[in-house]
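J.: Numbering-wise (my numbering), the sequence shown opens with residue 55 and increments by one. Each residue gets a CB set at the ideal place from its N, CA and C atoms; glycine is no exception. Remember, predicted model here, so these are calculated numbers, not experimental data.
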Amino acid sequence: MYALIDGIIFGLAYTLICLPVCGTLAVAVTLLSMSGIRIFLKTTFYFIIGRILAISLIFVVFVLVGGSFVSKPLSIIIEGISAVILLLIAFWILKGASAGKIACLNIGIWSTLRVCPVQSIAIIKALSLTSINGSIMFVIGFLLVSTILILGLSVLAFFGKCFFMKKAEVMYLKKVGVGVLIVEAWLMLIHVVMEINFYLSQ
55 MYALIDGIIF GLAYTLICLP VCGTLAVAVT LLSMSGIRIF LKTTFYFIIG
105 RILAISLIFV VFVLVGGSFV SKPLSIIIEG ISAVILLLIA FWILKGASAG
155 KIACLNIGIW STLRVCPVQS IAIIKALSLT SINGSIMFVI GFLLVSTILI
205 LGLSVLAFFG KCFFMKKAEV MYLKKVGVGV LIVEAWLMLI HVVMEINFYL
255 SQ
């Protein structure tokens, strides 16, 4: 029980600290989806599933390979690859492709598949627990609160889009969502370049 509570606390801290990134991308996915509650639920579901898969993968890989997973060179490479894939998805949507389940799943995965300090601390905390069940409960709590917060933000964005935007503006909102995705990808690339320069200067 205490492990679950710890996971909820760490998940809350992770989501709030990373809210400018994951929250913005959640809103972008909402804007990318066409009007209609069914389509919104489908795209948001796949985005959240992508996030859950990415966070779970980070935990699992860390367990298998240890601290080398969060080493600077590897984390820089992972973030660089993620940024490039997000750019490709954005340009693919701009070319006329729909932001369907595959696109939203990949946005969820590649926008989350990077190692930040909060994730590193959470992973170390999970592995420091004495039992496997405790570690699993910690991860469940971490994923649960993160998912609830992102889902809540997506729902607010959806209702805001429905109440304040006309149907004719849906395509415009789609372009705004793509723009947000491109900006986030470029910010990731800029961060990668800065990290490389800092790493090489040492």
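1. From Tyr253 to Gly134, what distance separates their C-alpha atoms?
2. Identify, in the order they occur along the chain, each residue of the same chain with its Cβ nearer than 8 Å to the Cβ of Ile103, setting aside the five sequence neighbours on each side.
3. Alpha carbon to alpha carbon, how far is Leu128 from Leu241?
4. What's the call for Arg257, buried or exposed, on a 16-neighbour Cβ count within 10 Å?
5. Verify whether the separation of the beta carbon atoms of Ser208 and Tyr68 is less than 9 Å.
6. Mind checking which residues open and close the alpha helix (DSSP H) that includes Lys155?
7. Pull up the CB-CB distance for Val230 and Phe113, whole angstroms please, since I reckon it's below 8 Å.
8. Alpha carbons only, please: which of Leu142, Asn187, Ala82 and Ile131 is nearest the one belonging to Arg168?
9. For the alpha helix (DSSP H) that contains Gly65, what are its first and last residues?
T.: Let me lay it out:
1. 15 Å
2. Leu159 and Gly162
3. 18 Å
4. No answer is possible for residue 257: the residues shown for the chain start at 55 and end at 256.
5. no
6. Lys155 to Thr166
7. Not confirmed; about 33 Å, so no contact.
8. Ile131
9. Tyr56 to Ile71
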